[in-house]
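Heads up: the sequence shown is residues 0 to 91, going by numbering that gives the first Met the number 0. Beta carbons are placed, not taken as given, at the ideal position from N, Cα and C, and that holds for glycine. Below: the structure, in structure tokens.
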Amino acid sequence: MDKKKIATIVEIVPIVSAVLNFIFLYAFEDSNFIRAINSITMFFAFFGFVFFFVGRSLGKGDKTVKILGIFDIFATVSVIAIYILAFLAMAM
Numbered sequence: 000m001d002k003k004k005i006a007t008i009v010e011i012v013p014i015v016s017a018v019l020n021f022i023f024l025y026a027f028e029d030s031n032f033i034r035a036i037n038s039i040t041m042f043f044a045f046f047g048f049v050f051f052f053v054g055r056s057l058g059k060g061d062k063t064v065k066i067l068g069i070f071d072i073f074a075t076v077s078v079i080a081i082y083i084l085a086f087l088a089m090a091m
């Protein structure tokens, strides 16, 4: 497989994980299985900045990787924002 294809796949993982995290967080009932899936997707979305650097090193200037890298950073920021809002809601 080409390094640019691998970099694109690596860059897509946190984006899909962030979307799945929000879906599982708000749409489904609470169960152990959903909690485990939500934890895994949150982990991948939270470490989007790591995927950003890995994708950039593998992609070597590919425009698709650069654009997906920006979305990786947004995935990390969105997960952090959700948990900050949850923490602030619990504090009040």
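**Request:** Over the uninterrupted alpha helix (DSSP H) stretch that includes aspartate 71, give me the two end residues.
**Result:** 62 to 90
**Asked** How should isoleucine 28 be labelled, buried or exposed, when 16 other C-beta atoms within 10 angstroms of its C-beta is the threshold for buried?
**Response** Just to set this straight, residue 28 is glutamate in the shown sequence, not isoleucine. Classification of glutamate 28: exposed, given that the 10 Å Cβ count is below 16.
**Message:** Please classify arginine 55 as buried or exposed, where buried requires at least 16 neighbouring CB atoms within 10 angstroms.
**Reply:** buried
**Prompt:** In terms of alpha-carbon separation, which member of Phe32, Asn31 and Ile11 lies closest to threonine 75?
**Reply:** Nearest C-alpha to threonine 75 among Phe32, Asn31 and Ile11: Ile11.
**Message:** Does serine 30 come out as helix, strand or coil in the three-state DSSP assignment?
**Reply:** Serine 30 falls in the coil class under three-state DSSP.
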